[in-house]
Amino acid sequence: MALAFALLPTILLSLRVAAGPLVIDHSFVNLAISRRFNFTGTASLVERDLARIQAIQSHKSGIASRAVASEPINNQVVSYVASVGVGSPATTYRRIVDTGSSNTWVGANQTYVITSTSVNTTQPVAVSNGMLQRSGKFSGTEFMDTVTLADGLIILNQSIGVAANSTGFAGVDSILGLGPVDLTAGTVNNSPSTIPTVTDNLFSQGTIPYDIIGISFDPAISKDDDNGSIAFGGIDSIKFIGDIRISYGKTTILTNTSGLVDTGTTLIYIASTAFSKYRKATGATLDNTTGLLTVTASQYNALQDLNFLIGDVTYATPNAQIWPRSLNTAIGGSASSVYLIVGDLGTVSDQLGFINGYAFLERFYSVFDTTNNRVGFATTPSTIATTN
């Protein structure tokens, strides 16, 4: 079975359209990525996720100001990082991979090295996808430079932001923005309406045959894992098996809605009306310490699949829809408790209906197809894994 796709207007996934198969046979290049666990401060996992979601929505609504550049890195409990080269000869920077932002940055914890390929445009850069107190912040100057993602993945004249000031990037240096190009609108002074992203330039320069990326994660069993990869320009068929009304078991809890697919969000979030139905169906109670739903051992054994219907294809988050128990204490929870990975989005169903973060993406192979403005999913061996 091929990957099933739904139309994706910008980063908004519409569940009203029919899914259809797509098979891409052209070559692609994989970039290895590593899982990073970052839980510091007093805010709960849910509070951090919701802060990021609010920031993205504010940016899309034009609410966020360009006066301060920020990216909600402190809000990301789970992130994936890649080693990316900039310049010639290349200096390697450790960057967070983010489909919820589209500008690419360097210089948070490692000085930007100017080489023969570096061109200072002198233009200030201001990224406004996160205007919240707990967000990481970036402000700086735009450079054009050569970016090396992997052997065979070299981008010429890529716009990058070089940090003059930054906070909230402990353990990493910057962002590799893989989101839609419209998120770059207005981020650089005296520039076109948008700035080509790294995938846009890989495609326009003929390095990859399609403006498309395929992302593979595995469910976490420890704080830091080398368990992910990104295929640029195609689909890695080795990563998946077989070629969104939401239901719990056989009960529909949310119909005809829209939402976001975001690698910077940790959990799965559904609209309040659906969340109430889910909580009642599972018998879960809210744990005030972690902000997560918790169930007893018997309730866990009785969990049913949480299903996302895209067109005619159902993607089931299995009954192992729980936070990894080996990481319970890492988020301030009890080692013996069972926490669910579904949270309350706090919206009504006719607005933003869901956010599918890592808890969903680690179960499926996901493809972001910029050319056709759509996203696709396929099952993997991890879809039914019970390692958590």
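For the sequence shown, the positions run 211 to 598 when this note's numbering is used. Ideal placement from N, C-alpha and C gives every residue a C-beta, glycine not left out.
Rounded to the nearest whole angstrom, the CA to CA distance from Ile-263 to Gly-297 is 33 angstroms.
Checking the DSSP bridge columns, you'll see Tyr-303 partnered with Val-294. Counting only runs of 3 or more residues that sit fully inside the region 357 to 384, the beta strand (DSSP E) segments are 363 to 377, in chain order. The residues Ile-463, in chain order, have a CB closer than 6 angstroms to that of Lys-487 in the same chain once the five nearest residues on each side in sequence are set aside. Take Gly-553, set aside five residues on each side of it, and the residues of its chain with a beta-carbon closer than 6 angstroms to its own are Val-256, Leu-477, Tyr-479, in chain order. For the pair Thr-475 and Asn-566, the Cα-to-Cα distance works out to about 7 angstroms. Comparing C-alpha distances from Thr-581 to each of Leu-260, Gly-444, Asn-399 shows the shortest one belongs to Gly-444.
At a Cβ-Cβ threshold of 8 angstroms, Thr-417 and Ile-405 do not count as neighbours.
Between the alpha carbons of Asp-361 and Pro-299 lies a distance of about 14 angstroms. If you compare the alpha carbons of Thr-327, Gly-310, Asp-308 with that of Thr-301, the shortest gap goes to Thr-327. Judged by DSSP in its simplified three-state form, Val-523 adopts strand. For Arg-584, the secondary structure class from DSSP, reduced to helix, strand or coil, is strand.
In terms of Cα proximity to Thr-589, the closest of Thr-331, Pro-528, Gly-371 is Pro-528. Taking all protein chains in view, the Cβ of Val-329 is surrounded by fewer than 16 other Cβ atoms within 10 Å, so the residue is classified as exposed.
For the pair Asn-319 and Leu-519, the Cα-to-Cα distance works out to about 42 angstroms. Counted as a single uninterrupted DSSP element, the beta strand (DSSP E) harbouring Ser-468 occupies residues 468 to 471. Tyr-575: member of the beta strand (DSSP E) spanning 574 to 579, first to last residue. CA-to-CA, the gap between Gly-389 and Ala-526 works out to about 25 angstroms. The beta-carbon distance between Phe-578 and Ile-423, rounded to whole angstroms, is 5 angstroms. This is short enough to meet the 8 angstroms contact definition. Residue burial annotation: Pro-591 is exposed, with fewer than 16 other C-beta atoms found within 10 angstroms of its C-beta. DSSP, reduced to helix, strand and coil, places Tyr-568 within a helical segment of the structure shown. For Ser-293, same chain residues with a beta-carbon under 7 angstroms away, outside a window of 5 residues either side, are Thr-302, Arg-304 in chain order. Under DSSP, Trp-315 forms a beta bridge with Gly-371. Using a Cβ distance threshold of 8 angstroms, Leu-359 and Leu-241 count as a contacting pair.
For Asp-410, the three-state secondary structure derived from DSSP is helix. Counting the other Cβ atoms within 10 Å of the Cβ of Leu-366 gives fewer than 16, which makes it exposed.
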